[in-house]
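Beneath this line is the structure, given in structure tokens, with notes to follow.
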Amino acid sequence: MSPGHPLDPMPPLARLRPAAEAAARPDRMALQRICRLLVLLGGASAAILALGPRILDIRDTGWLLHGTLGPDPVAYWLAWRYFSVAPWTLPLGLNPAYGLELASAIFFVDVVPLAAFIAKALLPVVEIKQYWGPWLVLSAMLQGAMAWRLLALSVEDPVSRAFGALLFVFQPLLLNRYGGHFALASQWALLWALWLCLRPAGRRQALQWAGCLGLVAMLNPYVLAMCAGLWVSDLAARGINAGRIRPVLGEALGVPAAGLAGLWLAGYFTVRGEVEPMGVHYGHSQLDLTAPFDAVEWGRLLPALPGLRHWEHGGAYLGAGALAVLAVAAMLAWRGGLGGALRRHRPLLVVLGGMLLFAISNRVAVGGHVLVEIPLPAPVMRLADMLRASERFYWPLGYAALFGAVSLVALRLPIRAARIVLGVALALQVVDVDAGMAKFRALVAEAPRQAAERLPDPFWSQAALRYGRVRAVPAANFGADWEPVARFAARHRLPTDVVYLSRVEAEALRRLNARTVADFDAGRWERGTLYVLRDEGALRLVERRANPSRDLLTVVDGLQVFAPDWHTR
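Numbering of the sequence shown is given in full-length UniProt numbering, commencing with residue 1 and proceeding in unit increments.
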């Protein structure tokens, strides 16, 4: 191990396990290969233990559509249903039939665009009804692989490193996203970025960062923002070490260009102007300062603490085993010797601290109580709303702390003691977080392989043969009865404006509703369109202008339906 490794808490002569000795022993290398394989298998096992083996069946969509994992997986399936049959375009992520005037790209449905591109390319060879289950298993394996690589910077013993890497896999920060936010399973990219920050910079550092940000741009915007912040810290550290900016100037232009190219391919720039984000605003899904210790439904061994119970809750708990390693590491840190490592990585610590502050937000909460609320200017709030689920920005610090803790245990304890501490911690972690995994397993297990039809009346099958598109009036993002209507339209591949998107252009929505009201008031119906009327205003307009001998205005499966020219078709 070189003196420049990330934690380097002791001088070289004080270390008990020199890298040269480890490399010279063939049995150690064989053990290392076995441990690395076990980490990969452990990653796959974590995903399967969390949701059950049926998620690997690319023909099984019941667990997505049953609704027990929330509305998001339904939206993923809807977007894929349209995208899978749409012609290839540039940008690749365009999805015009899902939303019509409100349509944008699959980027705004969080379907993991890169995985969607790969699945779509494979469709001529194999029918893929869902790819999110395999994606989750792959992501968990990559989480283990990246944790193994990260820990290789400071942990030489393969057994200790394997135990430590699996603590990153059986991690509620990751597993909590299996409850419906599948794109956020790409947290392995954060470990990749931390590895780039902590390793001695190589000749291909800029290329690695370009690949990281370009790839992550086609996975998830939150993970991209965090990786971009970590890149800035690494760039700053290398610029400071070089004493001049010229060596990193090209990278400062090229790496953002790679990220922007990935965003463009995924369709991010299809939404322009003011947008209307779904859900609460920034500061209302923030990090409670007790959240890393609050087991909520994720802990079997530790109690739930008073805390915020917003839609992100549970996503910051570290697990009993990880907390135990942090406690042991804190005791070992009292020996000192960490000052040099901390000074070397000062830019990284500054960025991690900045992300922590963003996670806490302008509404500082402890134990479920907001203690301080700092007003923010409207322009700042609009920017912050782009990443409003701010609790997630705690993840890089959580992973960095876990890396530091595992490294300290492995470096400052004898091999046998380190193995025992990390092995016991892993056992505690798995037992603890199985409470949350068991909940998810049960939700998936109760879903039938074939989801029940939400609109069973025979009318809908007839309507699908007579009409070429489906609209809801007034149009809305995540509007009333969006799911059953959108599922009907998607099943028959009828273009629709009944959608659930993470972002919708406000002006496009306003124009669409204004045009529809004007058309209804004039008695103009869009040819080949089936309407679902959502409010009394739309119903009154149709009642005044519809022709009962030609048009059908009725209630079907609890929905107010208007079918122009029904009796003449």
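Don't be surprised by glycine CBs; every beta carbon is placed ideally from N, CA and C.
Here the structure is a predicted model, which is why all the values come from computation and not from measurement.
Residue range of the unbroken alpha helix (DSSP H) whose run includes Leu-332: Within the sequence shown, the letter at position 332 stands for residue 332. Counting along the chain, the alpha helix (DSSP H) containing Leu-332 begins and ends at 320-333.
So the alpha helix (DSSP H) Phe-83 belongs to, where does it begin and stop? In the sequence shown, counting from the first residue as 1, residue 83 sits at position 83. Segment 72-83, the alpha helix (DSSP H) holding Phe-83.
Quick check on DSSP: helix, strand or coil for Tyr-399? Locating residue 399 in the sequence shown gives position 399, where the first residue counts as 1. Taken through DSSP and simplified to helix, strand or coil, Tyr-399 comes out as helix.
Would you be able to state if there are at least three C-beta pairs under 8 Å between the region 26-45 and the region 105-122? No: fewer than three Cβ pairs fall under 8 Å.
Taking only the alpha-carbon atoms, compute the straight-line gap between Leu-174 and Gly-354 and give it to the nearest angstrom. Working through the sequence shown from its first residue, we reach residue 174 at position 174. Working through the sequence shown from its first residue, we reach residue 354 at position 354. Going by C-alpha positions, Leu-174 is about 21 Å away from Gly-354.
When DSSP builds the beta bridges, which residues end up paired with His-369? Residue numbering aside, residue 369 sits at position 369 when the sequence shown is read from its first letter. According to DSSP, which records beta bridges pairwise, His-369 is partnered with Val-366.
Please classify Ser-549 as buried or exposed, where buried requires at least 16 other C-beta atoms within 10 Å of its C-beta. As a first step, residue 549 is located in the sequence shown; it is residue number 549 there, counting from the start. The residue in question, Ser-549, is exposed, as its Cβ has fewer than 16 Cβ neighbours within 10 Å.
Can you tell me the Cα-Cα spacing of Ala-23 and Arg-204, whole angstroms? Stepping through the sequence shown from its first residue, residue 23 is reached at position 23. Stepping through the sequence shown from its first residue, residue 204 is reached at position 204. Note that Ala-23 scores a pLDDT of 49, beneath 50, so its modelled location is shaky; the value from the coordinates is reported in the next line. C-alpha separation (whole angstroms): 24 Å.
Would you mind working out which of Val-248, Asp-481, Glu-453 sits nearest Trp-231, comparing C-alpha positions? For the purposes of this step, residue 231 is taken as the residue at position 231 of the sequence shown. Ranking Val-248, Asp-481, Glu-453 by Cα distance to Trp-231 puts Val-248 first.
Rounded C-alpha distance that separates Trp-460 from Arg-454: Within the sequence shown, the letter at position 460 stands for residue 460. Within the sequence shown, the letter at position 454 stands for residue 454. One C-alpha to the other measures close to 11 Å.
Which two residues bound the contiguous alpha helix (DSSP H) that contains Ala-560? Taking the sequence shown and counting its residues from 1, the one referred to as residue 560 is at position 560. Per the sequence presented here, residue 560 reads as Gln, with Ala not at that position. From DSSP, Gln-560 is part of no alpha helix (DSSP H) but of the beta strand (DSSP E) over 559-563.
Helix, strand or coil at Ala-23 [DSSP, three-state]: In the sequence shown, counting from the first residue as 1, residue 23 sits at position 23. Any reading at Ala-23 must be qualified, since the residue scores a pLDDT of 49, below 50, and its modelled position is unreliable; the value itself is stated next. If DSSP states are grouped into helix, strand and coil, Ala-23 belongs with the helices.
Near Met-146, which residues of its chain fall below 6 Å by C-beta distance, leaving aside the five closest residues on each side in sequence? Reading the sequence shown from its first residue, position 146 is the one you call residue 146. Contacts found: Trp-188, Leu-191, Trp-192.
Can you tell me which of the three DSSP states Val-498 falls into? Residue 498 sits at position 498 when you count from the first residue of the sequence shown. DSSP places Val-498 in coil when its eight states are reduced to three.
Given Asn-513, which residues of its chain have a CB within under 7 Å of its CB, disregarding the five upstream and five downstream residues? Indexing the sequence shown from 1 puts residue 513 at position 513. So the list reads Pro-474, Ala-475, once near-sequence residues are dropped.
Here's the rule I'm using: 16 or more other beta-carbon atoms within 10 Å means buried, otherwise exposed. How should Trp-334 be labelled? Position 334 of the sequence shown, counted from the first residue, corresponds to residue 334. Trp-334 is exposed by the Cβ-count criterion.
Return the Cβ separation of Pro-113 and Met-218 in integer angstroms, given the expectation that the two are a contact with Cβ distance under 8 Å. Here residue 113 corresponds to residue number 113 of the sequence shown, with the count starting at 1. Here residue 218 corresponds to residue number 218 of the sequence shown, with the count starting at 1. Sure, about 5 Å apart at Cβ, within 8 Å.
Give every residue of the same chain whose Cβ lies closer than 6 Å to the Cβ of Ala-384, excluding the five residues on either side of it in the sequence, and list them in chain order. Here residue 384 is taken as the residue at index 384 of the sequence shown, counted from 1. Within the same chain, Ala-384 has close Cβ partners Tyr-282.
Can you tell me which residues form a DSSP beta bridge with Pro-288? The residue you call residue 288 lines up with position 288 of the sequence shown. Reading off the sequence shown, one finds Asp at residue 288, where the question assumed Pro. DSSP, once it has assigned bridges, lists Ala-365 as partnering Asp-288.
Following the continuous alpha helix (DSSP H) through Ala-472, name the residue where it begins and the one where it ends. As a first step, residue 472 must be located in the sequence shown, where it is residue number 472. Per DSSP, Ala-472 belongs to no alpha helix (DSSP H); it is in the beta strand (DSSP E), 469-473.
What distance in whole Å lies between the Cβ atoms of Val-444 and Phe-170, which are believed to be in contact at a cut-off of 8 Å? The residue you call residue 170 lines up with position 170 of the sequence shown. The residue you call residue 444 lines up with position 444 of the sequence shown. Wrong, their Cβ atoms sit about 18 Å apart, outside the cutoff.
Whole angstroms are fine: how far does the CA of Gly-99 sit from the CA of Leu-326? Counting from one through the sequence shown, the residue named residue 326 turns up at place 326. Counting from one through the sequence shown, the residue named residue 99 turns up at place 99. Rounded to the nearest angstrom, the two C-alpha atoms are 48 Å apart.
Can at least three beta-carbon pairs, one atom from the region 35-42 and one from the region 158-168, be found at a separation below 8 Å? yes
Consult DSSP for Tyr-394 and reduce its assignment to one of helix, strand or coil. In the sequence shown, counting from the first residue as 1, residue 394 sits at position 394. Residue state, collapsed to three classes: helix.
Suppose the cutoff is 7 Å on Cβ atoms and the five residues either side in sequence are ignored; what does the same chain contact list for Gly-259 look like? On the sequence shown, position 259 is the one that residue 259 refers to. The residues are Leu-213, Gly-214, Ala-217, Leu-224, Ala-228.
Three-state class that DSSP yields for Tyr-131 in the structure shown: Position 131 of the sequence shown, counted from the first residue, corresponds to residue 131. Coil, per DSSP.
If distances are taken between C-alpha atoms only, which option among Pro-172, Ala-261, Ala-140, Thr-61 comes closest to Gly-93? Along the sequence shown, one-based indexing puts residue 93 at 93. Per the Cα distances, Ala-261.
Taking the CB atoms as reference points, tell me whether Arg-569 and Arg-471 lie closer together than 8 Å. As a position in the sequence shown, residue 569 is number 569, starting the count at 1. As a position in the sequence shown, residue 471 is number 471, starting the count at 1. Cβ distance not < 8 Å, so Arg-569 and Arg-471 don't count as in contact.
Just reading off the beta strand (DSSP E) that Thr-554 is part of, what are its end residues? Mapped onto the sequence shown, residue 554 falls at position 554. From DSSP, the beta strand (DSSP E) with Thr-554 extends over 552-556.
Under a Cβ-count criterion, where at least 16 other Cβ atoms within 10 Å of its own Cβ denotes burial, should residue 580 be classed as buried or exposed? With the chain covering only 1 through 569, there is no way to say anything about residue 580.
Suppose the cutoff is 6 Å on Cβ atoms and the five residues either side in sequence are ignored; what does the same chain contact list for Arg-469 look like? For the purposes of this step, residue 469 is taken as the residue at position 469 of the sequence shown. Counting only Cβ-Cβ distances below 6 Å, and skipping sequence neighbours, we find Leu-494, Pro-495, Thr-529.
Proximity of Trp-195 and Arg-149 at Cβ, strictly below 8 Å: Stepping through the sequence shown from its first residue, residue 195 is reached at position 195. Stepping through the sequence shown from its first residue, residue 149 is reached at position 149. Cβ atoms of Trp-195 and Arg-149: closer than 8 Å.
Along the chain, where does the alpha helix (DSSP H) containing Val-350 start, and where does it finish? One-based indexing of the sequence shown puts residue 350 at position 350. Looking at the DSSP string, the run of the alpha helix (DSSP H) that includes Val-350 is 346-360.
In angstroms, rounded to a whole number, what distance separates the CA positions of Arg-540 and Tyr-531? Within the sequence shown, the letter at position 540 stands for residue 540. Within the sequence shown, the letter at position 531 stands for residue 531. Each residue's Cα considered, the two are about 14 Å apart.
Through-space distance from Leu-253 to Ala-266, alpha-carbon basis: Locating residue 266 in the sequence shown gives position 266, counting from the first residue. Locating residue 253 in the sequence shown gives position 253, counting from the first residue. So the two alpha carbons sit approximately 20 Å from each other.
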